Structure formats: structure tokens, C-alpha cells
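Below: the structure, in C-alpha cells.
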Amino acid sequence: MSPRAVSKAKAPKTVVIDEPSALTTDLTSVLPIDREELAVLVDALGLPRPSRVSPLPDILRSAERTASRSWSEIRAPLETMSDATFADHLTPLIAPDRVVDIRATAYEAAPVPVRLYSSRRHEPGWAGLRSGAERDFEVLAPYIDGDISYFVLLNLKLSMGSSDELPWAALNGAELAFFCAVVDAWRMQFHLTSARRRSRPQPVTFRFDDILEAQRDGWETRDRRWLLTALGETLGVLAHPGGRSGVTFPVLTLDELRQHTRDWVERGWLEVIATGENPTLQLGPPITGAV
859 MSPRAVSKAK
869 APKTVVIDEP
879 SALTTDLTSV
889 LPIDREELAV
899 LVDALGLPRP
909 SRVSPLPDIL
919 RSAERTASRS
929 WSEIRAPLET
939 MSDATFADHL
949 TPLIAPDRVV
959 DIRATAYEAA
969 PVPVRLYSSR
979 RHEPGWAGLR
989 SGAERDFEVL
999 APYIDGDISY
1009 FVLLNLKLSM
1019 GSSDELPWAA
1029 LNGAELAFFC
1039 AVVDAWRMQF
1049 HLTSARRRSR
1059 PQPVTFRFDD
1069 ILEAQRDGWE
1079 TRDRRWLLTA
1089 LGETLGVLAH
1099 PGGRSGVTFP
1109 VLTLDELRQH
1119 TRDWVERGWL
1129 EVIATGENPT
1139 LQLGPPITGA
1149 V
């Protein structure tokens, strides 16, 4: 190795520390804040007037107290981040045109339901709002598209326990409610068949009435061990930081359940083992691995 190479290897690297970019950052900042303090935040950061689709107007109108903390006390968790940078991160909250509900987290924090807001004028930045533990809310910013993609892919991989992909790109509320009822009907029969010993494997089958019963039990009994109940309640939490919207799955009628069953049989997602008014069914290959 030449002396010149040694000199280059030992040369100290100069690092210039500057204000972080408004759209690129390594960690998401979390700001606990009470309902009445959001007005202080908007004024202190000089944010524009929120649009009708922003969550801020409804929250500000419901504030019944005056803020007891000054902005310097409220912003303490932001540490060295400047007001101008944090204001840039919160811009999607003012006039969002995209809203995503996920179970997200800041660095080394527990994942909880978070509603993320974004604006195509300021992509790929997102700002989040969730119910707080010590304060009414927690404002989280910034998120970027890569953060969301990572959380989605990681949680799908860990929660499904299988690498099999589902055959659909998206389901509407009625289709998702039907899927949950089918899974619960299948699970019930799976548990019942597991109570008897067999010398040979046997496919798990269920009847149409089992789907009907799974939907009825899912609404009448709040047992979160079953998918329809658990996911239905989760939707209510995700739809609003406080979980008070009451949004959940639609209750499917008998005719709707029969129509969904016929559609899924035609697509191969369900297979008919025995026909009749109460047909015997089993999961089709496209969704067997995922369930």
C-alpha cells in the first residue's frame, strides 16, 4: 500500500450537520397533545386554514377547555426539530387527499391504530393522528411511502403464517364480511373435527348454514377469538382515533350470503362437496393456504 493510500484511509471524514429535509428523515417524531392545544399548534406553526376534509376542524370545534400549556411546553418532545420543519411535515393534515388506516409505530414504540394523511402536492410525506395515552391525541410525522410499504409487507408476512397469496387485489365491505364468516365457519368445523382421532387426513368441510351461524354469532357474541368479531371491532377503532364512529362490517342478508357463495364457487374460492338447500362446502385451493 502506498503512503498516499494510507493517507487517504486515515483522512477524517467531514460531516456537515444541517436542518433535516422536510421529506426525508430517519425517525418519526411523536407529539402528545390535548384537543384544545391543537389550536395553539396551528397558530404557532403558521399552518394554513384546514380544509373540510382535514380532521382538525371537527377536533377544534369539540374542544371545551382552553389550552393550559404554552407552545414551548407542547413542542418539548420535538427537541431539536425546528418549527418550520415540523410545519412542513404536518402539511398533509391541512388538506389531505389520501387517508390510510394502519397499525403503525414510531421507532421502538408499540404499534397501535393510526390514521395517516397525505397530499399529492407534498408526497411522499404523511402525517399521522392517533389516540394518545397521556394526552387526547398523538401527532406523528413524518411518514414516507417506504415506511408504510414496509409495515404492510412485514405485518402481512408475520400475521398470515404463509407465503400463499390471496387471489384478490381488494375486497369491498360486504365481501370482506363474507370472507370472515367463511373463515369462522371453517374454523369451527376444524376444531370440531380435531376432537376425534383419525388414521387418515380428511378435508375440513362446512355447510352453508355454518356460514349463516358464524355471521349471527359474530354479531351477537363479542368473542374476539373469531375473525368477524375481531376485525369488525378493529374497523371501528381504525376509522377514528377515538374509535367512536361505529363503522364496521355490513350485516349480510340470507340472499346476499347465498349470492356470495355462488360467486365464490364460480371463482373456485369455494368448492361444493354436496348440493342442496344447505350445500356442503370446502375451501378452494386459492384461499386454502392463506386460511
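Residues in the sequence shown are numbered from 859 upward in steps of one, following the numbering used here. Every residue gets a Cβ at the ideal spot worked out from N, C-alpha and C, and that includes glycine. Since the model is a prediction, treat every value here as computed from it, not as a measurement.
Query, Result
"Go to residue 1037, then tell me how far its alpha helix (DSSP H) extends in each direction, as first and last residue.", "1031-1052"
"Which of the three DSSP states, helix, strand or coil, is assigned to residue 879?", "Note on residue 879: pLDDT 31, under 50, position unreliable in the model; the coordinate value appears next. Correct three-state label for residue 879: coil."
"Considering just the uninterrupted stretch of the beta strand (DSSP E) at residue 887, what are its terminal residues?", "887-891"
"Nearest to residue 1034 by alpha carbon, out of 1001, 1085, 1075?", "1085"
"State the DSSP-derived secondary structure class of residue 1091, mapped to helix, strand or coil.", "helix"
"Provide the residue span of the beta strand (DSSP E) that contains residue 984, from first to last.", "983-989"
"Around the C-beta of residue 922, are 16 or more other C-beta atoms found within 10 angstroms, so that it is buried, or is it exposed?", "exposed"
"Which residue wins for smallest C-alpha separation from residue 934, given the options 1049, 887, 1072?", "887"
"Answer yes if the region 1078-1093 comes into contact with the region 1051-1060, meaning at least three C-beta pairs across the two stretches below 8 Å, and no otherwise.", "no"
"Name the one or two DSSP bridge partners that residue 999 has.", "887"
"Leaving out the 5 sequence neighbours to the left and right, which residues in its chain are closer than 7 Å to residue 1064 when beta-carbon positions are compared?", "1043, 1044, 1047, 1139"
"Considering only C-alpha positions, which residue in the set 956, 924, 950 is nearest to residue 999?", "950"
"From residue 975 to residue 1040, what distance separates their C-alpha atoms?", "33 Å"
"So, do the region 988-997 and the region 1062-1077 have three or more beta carbon pairs nearer to each other than 8 Å?", "no"
"Who are residue 1129's beta bridge partners in DSSP?", "1140"
"With 16 other CB atoms within 10 Å as the buried threshold, where does residue 1197 fall?", "This structure leaves residue 1197 out entirely; the chain is present only between 859 and 1149."
"Tell whether a beta-carbon distance below 7 Å holds between residue 955 and residue 978.", "yes"
"On a Cα-Cα basis, can you pick out the residue from 983, 1031, 1145, 1001 that is closest to residue 1109?", "1031"
"DSSP beta-bridge partners for residue 917?", "Residue 917 pairs with nothing; no bridge assigned."
"On the criterion of 16 or more Cβ atoms from any shown chain inside 10 Å, does residue 1026 qualify as buried, or is it exposed?", "exposed"
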